[in-house]
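First the structure, in the form of structure tokens, and then the observations on it.
There are 2 protein chains.
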Amino acid sequence: MHADPAEAGCRDGKPLIMEPTAEHLTGIAQKYREALLGDVIPFWERHSVDREFGGFLTCLGRDGSVYDTDKFVWLQARQVWTFSMLHNRLERRDSWLEVARQGAEFLLRHGRDEGGNWYFSLDRGGRPLVAPYSIFSDCFAAMALAEFARATGDEAARKVAGQTYANLLARKGDPKGRYSKAVPGTRPLVSLAVPMILANVTRELEWMLEPAEFDRTLGACVGEVFTPFLDPDRQVLHEHAASDGRKLDTFEGRLLNPGHGIEAMAFILEIAELKGDRALAERAVEVALRTLELGWDREWGGIFYFLDAKGHPPQQLEWDQKLWWVHLETLVALVRGYRLTGRQECWSWFERVSAYTWGHFPDPEFGEWYGYLNRRGEVLLPLKGGKWKGCFHLPRGLYLCMRELEKLAESGKAKALP
Amino acid sequence: MHADPAEAGCRDGKPLIMEPTAEHLTGIAQKYREALLGDVIPFWERHSVDREFGGFLTCLGRDGSVYDTDKFVWLQARQVWTFSMLHNRLERRDSWLEVARQGAEFLLRHGRDEGGNWYFSLDRGGRPLVAPYSIFSDCFAAMALAEFARATGDEAARKVAGQTYANLLARKGDPKGRYSKAVPGTRPLVSLAVPMILANVTRELEWMLEPAEFDRTLGACVGEVFTPFLDPDRQVLHEHAASDGRKLDTFEGRLLNPGHGIEAMAFILEIAELKGDRALAERAVEVALRTLELGWDREWGGIFYFLDAKGHPPQQLEWDQKLWWVHLETLVALVRGYRLTGRQECWSWFERVSAYTWGHFPDPEFGEWYGYLNRRGEVLLPLKGGKWKGCFHLPRGLYLCMRELEKLAESGKAKALP
Chain A
1 MHADPAEAGC RDGKPLIMEP TAEHLTGIAQ KYREALLGDV IPFWERHSVD REFGGFLTCL
61 GRDGSVYDTD KFVWLQARQV WTFSMLHNRL ERRDSWLEVA RQGAEFLLRH GRDEGGNWYF
121 SLDRGGRPLV APYSIFSDCF AAMALAEFAR ATGDEAARKV AGQTYANLLA RKGDPKGRYS
181 KAVPGTRPLV SLAVPMILAN VTRELEWMLE PAEFDRTLGA CVGEVFTPFL DPDRQVLHEH
241 AASDGRKLDT FEGRLLNPGH GIEAMAFILE IAELKGDRAL AERAVEVALR TLELGWDREW
301 GGIFYFLDAK GHPPQQLEWD QKLWWVHLET LVALVRGYRL TGRQECWSWF ERVSAYTWGH
361 FPDPEFGEWY GYLNRRGEVL LPLKGGKWKG CFHLPRGLYL CMRELEKLAE SGKAKALP
Chain B
1001 MHADPAEAGC RDGKPLIMEP TAEHLTGIAQ KYREALLGDV IPFWERHSVD REFGGFLTCL
1061 GRDGSVYDTD KFVWLQARQV WTFSMLHNRL ERRDSWLEVA RQGAEFLLRH GRDEGGNWYF
1121 SLDRGGRPLV APYSIFSDCF AAMALAEFAR ATGDEAARKV AGQTYANLLA RKGDPKGRYS
1181 KAVPGTRPLV SLAVPMILAN VTRELEWMLE PAEFDRTLGA CVGEVFTPFL DPDRQVLHEH
1241 AASDGRKLDT FEGRLLNPGH GIEAMAFILE IAELKGDRAL AERAVEVALR TLELGWDREW
1301 GGIFYFLDAK GHPPQQLEWD QKLWWVHLET LVALVRGYRL TGRQECWSWF ERVSAYTWGH
1361 FPDPEFGEWY GYLNRRGEVL LPLKGGKWKG CFHLPRGLYL CMRELEKLAE SGKAKALP
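Heads up: the sequence lines are chains A and B, in that order.
According to this note's numbering, the stretch in the first sequence is residues 1 to 418, in order.
According to this note's numbering, the stretch in the second sequence is residues 1001 to 1418, in order.
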């Protein structure tokens, strides 16, 4: 494998980085596979399927018991995606497809308003609770139904996925629509989340899009991720920018969400591989590493949830907490970045973030992982699922890391992009 | 003073409570006065007055330096109220009136949309940033302009205060208006915050309201605070209820905000004194004490920010944090409850909450108080002011506690209501 002591970092002239052997990589991949298939997926199969009303119960306590029955469209859709994806990409299991079907049918029956916009939440029976104010509901619904249609050939699901995708492309310039509280004109903002998630949805729907449309949309999204949001000096992404591309010295303009920035780079790395674009991969790795250096808590370990780019107090009171998805998305970005570029810092950070993640998030007693730790890494909320944590980031992260590690072990070398 | 060992709580037959002497009470009152006049008010006079654009800069770092210039209408209005109130109730100082005037003029010039609704935030120059989605902006604006008009006789301010009050009475049934994301019909909710703040605004505007209107609105608010929100078994207030008065086993329905419930009881105690209603005062004290017992962190001290009534994980990631306003409102409720009812538990809890509050929130190095501590009582954000913390809860709480303590010391006995 690639080894460059200067790049890897040295102390007293000795390289600090041990390169992983194929055997080591296979062993780690096996750990991810066991967590995915022996713990996480069975936990959601056992506890979350609502056999009475359809869809999923995602508010699960430490032991999997249901503590609330409201249904959040983000999480309903993400669970459909996860089970469909495992069926499509890992192993054809009818039981997984049945779980996906139960969610897809609930979504198709209850999830949209008359204009085809996806509600934010529903009650247990499917009656709408919270209006379609979030374009991300539509993003996750499109991903879910497309992946389900790919698994089953279900034409209704495919059609609704396509309609939803067209609808969100039309809405992306004004994602909150009439629910926006911003007074027009004073300070028009754009959000990193929009091109980032759209890149991911587009990538997910590739199989059902016209190639020209796919290339055009994906290219635009990649440009929109970097151009207005990247601080060129520090190589970190801001969450918001002025719509004319200026950086803003305001709460929104200064906001950094390290996990989000690194997750965006994981998506960009996937696109770089697809396009065979080595320069894009190097660029994404650089941003991911600089973001991680900035976001890492040198006192207690783990990655902060929010930071202010100028070091001012962020508005988010939860800024110092350690969240499961942040760490999983970071692991994906690091192992993918290592495989594609061979950059040693990716591997050393992967090992460091792994140690923190596996040492703090899993619950060995009741299974699955905690989602919310305080700054010190102590459990802040014992839930396994809630309004925002469902069957998504953890199984997806485990699956993707496993695949990356297996590919690394197979190829015998990092730096897959020439 | 009233002493009932059974009520006060005993151990081995001995009362645990030491009753405060007049000398002790005077000494504590002096501590509050010094913090108010020697520290907090000068801090805001020195750092927050925007002499260039008018209004106040409320985003102040630990040392008072300005780190953001956006202007939040809640905080602009609250600071106008605070300086006007001190002028009206504590001491006639022209310098305080000038500070209030500078804020009132900025609000009158920039604060409202064409329909007379108050924006949520403005940029430094006064251009609107965030639309009038929050009825509480109107509440604080009405309080501010009324108190300012009372201090100055300013007819324009008085008129706008009256219009705003009428407007918010008209809006109270649908406080979020077109910004509500709730789908109508599925689960109509009402919020404790609305009658609670309306009771306070009505009380504040008493001098400019028709007596019949004052009595009617105040009576309705008191009823609406208790009826739908009180859990009759535990004697604690929920934050939300179904609009038909049912308790709801949902995230919103289970939500407890102990500081909010106790603050509501401080307002109710004020009304009980006004009406000479001993039973109402006893009832409010009971709720405040039961809420405090439930909300007190037995491990690290201090009062939790949010709890779930059934002990489930709350949605609020900041649930375990210790906030300045929670502790100040609690001190006000306890000392006022003690003065009005003589209930010993109020005094013992006052001493306990005092010890925590004075031991954790003040910043002896740079002055003023921290607003946000983590569960252990460590500083989470070093700010003295931000989007939500301004010149309001701290000076008001210090002023009100000081007054209550002075009255207690003067009268020589608690239990002011016969």
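Here a beta-carbon is modelled for each residue, glycine too, at the ideal position from N, C-alpha and C.
Quick one: grab the DSSP three-state call for residue i.
i, result
"PHE1053(B)", "coil"
"SER121(A)", "strand"
"VAL73(A)", "helix"
"VAL99(A)", "helix"
"CYS346(A)", "helix"
"TYR1338(B)", "helix"
"VAL183(A)", "coil"
"CYS1010(B)", "At CYS1010(B), the pLDDT of 46 sits below 50, so the modelled position is not reliable and the matter cannot be decided from this model."
"SER1048(B)", "coil"
"TYR133(A)", "coil"
"TYR1370(B)", "coil"
"LEU1317(B)", "coil"
"LEU255(A)", "strand"
"ASP249(A)", "coil"
"TRP1300(B)", "coil"
If residue i and residue j are in contact, beta carbons under 8 Å, what's the gap, nearest whole angstrom?
i, j, result
"LEU129(A)", "VAL1190(B)", "About 16 Å separates the two Cβ atoms, so there is no contact after all."
"ILE1262(B)", "ALA1333(B)", "5 Å"
"ILE1107(B)", "ASP1138(B)", "What sits at residue 1107(B) in the sequence shown is Leu, not Ile. Not confirmed; about 11 Å, so no contact."
"GLY1116(B)", "GLN1079(B)", "About 21 Å separates the two Cβ atoms, so there is no contact after all."
"ARG1375(B)", "TRP1300(B)", "5 Å"
"VAL1285(B)", "GLY1337(B)", "4 Å"
Measuring alpha carbon to alpha carbon, tell me which of the options ends up nearest residue i.
i, options, result
"GLY55(A)", "TYR32(A), GLU98(A), ALA35(A)", "GLU98(A)"
"ASN1257(B)", "GLU1286(B), LYS1322(B), GLY1301(B)", "LYS1322(B)"
"PHE53(A)", "TRP44(A), ILE41(A), ASP123(A)", "ASP123(A)"
"PHE229(A)", "ILE28(A), PRO211(A), PHE214(A), GLY253(A)", "GLY253(A)"
"TRP1081(B)", "MET1265(B), GLY1115(B), ARG1127(B), ALA1151(B)", "ALA1151(B)"
"GLU390(A)", "LEU317(A), ARG109(A), TRP324(A), ASP154(A)", "The displayed chain sequence assigns Gly, not Glu, to residue 390(A). The shortest Cα separation from GLY390(A) among LEU317(A), ARG109(A), TRP324(A), ASP154(A) belongs to TRP324(A)."
"GLU1318(B)", "TYR1372(B), GLY1125(B), ARG1336(B), PHE1361(B)", "TYR1372(B)"
"GLU1114(B)", "HIS1260(B), PRO1132(B), LEU1398(B)", "PRO1132(B)"
"GLU1023(B)", "PRO1195(B), GLN1079(B), GLU1365(B), GLU1410(B)", "GLU1410(B)"
"VAL1194(B)", "GLU1365(B), GLY1038(B), HIS1260(B)", "HIS1260(B)"
"THR69(A)", "ALA77(A), LEU75(A), CYS59(A)", "CYS59(A)"
"GLU239(A)", "GLU351(A), ILE197(A), TYR32(A), TRP388(A)", "ILE197(A)"
"PRO188(A)", "GLY223(A), GLY245(A), GLU206(A)", "GLY245(A)"
Using the beta-carbon of each residue, which ones in chain A are nearer than 9 Å to residue i?
i, result
"TYR1133(B)", "LYS181"
"LEU1331(B)", "Chain A residues near LEU1331(B): none, gap ~22 Å exceeds 9 Å."
Listing by chain order, which chain B residues have their CB less than 8 Å from the CB of residue i?
i, result
"PRO175(A)", "Per Cβ cutoff of 8 Å: no residues; PRO175(A) is ~14 Å from chain B at best."
"PRO128(A)", "VAL1183, THR1186"
Distance check for residue j and residue i, CA to CA, integer angstroms please.
i, j, result
"ALA1241(B)", "LEU1405(B)", "36 Å"
"LYS176(A)", "GLU1368(B)", "39 Å"
"TRP347(A)", "LEU340(A)", "12 Å"
"ALA309(A)", "GLU293(A)", "13 Å"
"GLU1034(B)", "MET1085(B)", "17 Å"
"LEU1036(B)", "GLY1103(B)", "20 Å"
"VAL73(A)", "VAL379(A)", "26 Å"
"PRO382(A)", "SER1095(B)", "52 Å"
"ALA1288(B)", "VAL1201(B)", "21 Å"
"LYS441(A)", "LYS71(A)", "Given that chain A is displayed from residue 1 to residue 418, the structure contains no residue 441(A) and the question cannot be resolved."
"GLY185(A)", "LEU1307(B)", "39 Å"
"GLU1351(B)", "ASN1088(B)", "29 Å"
"LEU25(A)", "PHE140(A)", "32 Å"
Counting only Cβ pairs nearer than 9 Å, list the residues of chain B close to residue i.
i, result
"HIS312(A)", "CYS1059, GLY1061, TYR1067, ASP1068, LEU1383"
"GLN76(A)", "Residues of chain B passing the Cβ test: none, with the nearest at roughly 16 Å."
"ASP123(A)", "THR1186, ARG1187, THR1250"
"TYR356(A)", "The contacting residues do not exist; TYR356(A) stays about 19 Å from chain B at best."
"LEU97(A)", "Those within 9 Å of LEU97(A) in chain B number zero; the least Cβ separation is about 31 Å."
Give the residues of chain B in contact with residue i, contact being defined as C-beta atoms less than 7 Å apart.
i, result
"LEU248(A)", "Within 7 Å Cβ-Cβ: nothing; LEU248(A) doesn't reach chain B, min ~11 Å."
"GLU318(A)", "LEU1317, GLU1318"
Which residues in chain A have a C-beta closer than 8 Å to the C-beta of residue i? List them in chain order.
i, result
"GLY1386(B)", "PRO313, GLN315"
"LEU1209(B)", "Per Cβ cutoff of 8 Å: no residues; LEU1209(B) is ~31 Å from chain A at best."
Can you list the residues of chain E that residue i reaches, using a CB-CB cut of under 9 Å?
i, result
"TYR1372(B)", "Absent from the structure is chain E; the protein chains it does hold are A and B."
Output, in chain order, the set of chain A residues within a Cβ distance shorter than 7 Å of residue i.
i, result
"GLN1321(B)", "LEU317"
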